[in-house]
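FYI, the numbering for the sequence shown is 0 to 269, going by numbering that gives the first Met the number 0. Positions of the beta carbon are idealized from the N, C-alpha and C atoms, including for glycine. None of the values given here were measured: they were computed from a predicted structure. One structure is given here, and the rest of the page talks about it.
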Amino acid sequence: MGAVPEAASAKLVVEDVGKRFAGDAGGAVVALAGADLHVAPGEFVSIVGPSGCGKSTLFNIVAGLTRPTRGRVLLDGEQLDSLLGRVGYMPQKDLLMPWRSVLDNVTLGLEMSGVARKQARAQAQAELGRFGLKGFEQRWPSNLSGGMRQRAALLRTFLAGRELMLLDEPFGALDALTRQTMQEWLLDVWQADRKTILFITHDVEEAVYLSDRVYVMTGRPGSVQMCVEIDLPRPRRFELHGSPAFVALKQRLLTPLHEASRSQLDAVVG
Ligand SMILES: Nc1ncnc2c1ncn2[C@@H]1O[C@H](COP(=O)(O)OP(=O)(O)OP(=O)(O)O)[C@@H](O)[C@H]1O
Ligand SMILES: [Mg+2]
């Protein structure tokens, strides 16, 4: 994929970003071959791709935790040294700190970007209700349900990332029913605030339900192979899952994803 015209006004541009890790015994691992994508301000964009194709590596690069071996990342057209305070990142294995209360966990990102504790707490207090955590702020994370823990991690990300949220499979570990409820809830929060969201998921239905556009990655080492517009009306509700347009979009994503996953397996099995 070359440069896209919309990229000029994009919130985030990822241009030919790749990563090679120096492996054990001198062998290098190419974790990401070279990814191109962009996200417009206020857009909800998802990435799907086979396991191990480099999705989390891409997020680590965008968040500034990993240095890319090639390519560049632009936020509002600028290449930045630090995205602290501008990008909120919820990693795939997001752990709330068990020794900090819910409130102290959700203010962590703000405090790390230099916001005074008192002000961070005030900002968090104002959002607790909307994130379904009011009355639970003094609890330990171990006393929360799975869905609540994810909402606490999401609140931390939401508070830390004023402009862009990177969410790496935030609902992956939840049961199907809680997951659906969380998807609807996330759409409500996003609809109200219109933060820019880049979202990784294994679940094609989830990608179609939530997104404006979905990027499909190739198998390992990954690059972007296609982008599908999700032209379904909003606000979206659960009933949409049964509509012919929804099913057709799901199929458009499943076919290339299945092929990518198979060719990755063939490369391993030989
Ligand atoms: N620090 C590292 N050192 C060496 N190799 C790594 C490192 N981090 C990731 N890799 C490798 O890079 C590849 C991509 O990993 P990554 O976690 O980005 O994939 P993913 O698409 O997020 O997978 P999943 O869908 O399973 O979460 C994998 O082969 C992984 O083993
Ligand atoms: Mg991952």
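| Query | Result |
| --- | --- |
| Does the beta-carbon of I229, which I'm using as the reference point, lie nearer than 8 Å to any heavy atom of ligand 2? | no |
| Look at the Cβ atom of D211, then the Cβ atom of V44, and state whether they are nearer than 9 Å. | yes |
| Out of curiosity, what's the CA-to-CA distance linking E110 and R178? | 29 Å |
| Does DSSP put F237 in a helix, in a strand, or in coil? | helix |
| So what's E110 in DSSP terms, helix, strand or just coil? | helix |
| Label L94 either buried or exposed according to how many other C-beta atoms from any shown protein chain fall within 10 Å of its C-beta, with 16 as the threshold for buried. | exposed |
| Could you compute how far the alpha carbon of A2 sits from the alpha carbon of E14? | Any reading at A2 must be qualified, since the residue scores a pLDDT of 48, below 50, and its modelled position is unreliable; the value itself is stated next. Taking the straight line joining both Cα atoms gives about 8 Å. |
| Can you confirm whether the region 151–171 touches the region 101–109 when touching is taken to mean that 3 or more C-beta pairs between the two stretches lie within less than 8 Å? | yes |
| In the structure shown, what three-state DSSP assignment does T217 receive? | coil |
| Closer than 8 Å: is that where the CB of P49 sits relative to any heavy atom of ligand 1? | yes |
| Measure how close the beta-carbons of K54 and M225 come, nearest whole angstrom, since I'm counting them as under 8 Å. | The pair is not a contact, with the Cβ atoms about 15 Å apart (cut-off 8 Å). |
| Going by DSSP in three states, I46 sits in which element: helix, strand or coil? | strand |
| How is G87 classed by DSSP in three states: helix, strand or coil? | strand |
| Who are the Cβ neighbours of E136 in its own chain at under 7 Å, not counting the five residues just before and after it? | S100, V101, L102, L127 |
| May I have the straight-line CA-CA distance separating L252 from T195, to the nearest angstrom? | 22 Å |
| Over what stretch of residues does the beta strand (DSSP E) that includes M164 continue unbroken? | 163–167 |
| Is I60 near ligand 2, going by C-beta to nearest heavy atom under 8 Å? | no |
| Whole alpha helix (DSSP H) runs in the region 133–159 with 4 or more residues, listed along the chain? | 145–159 |
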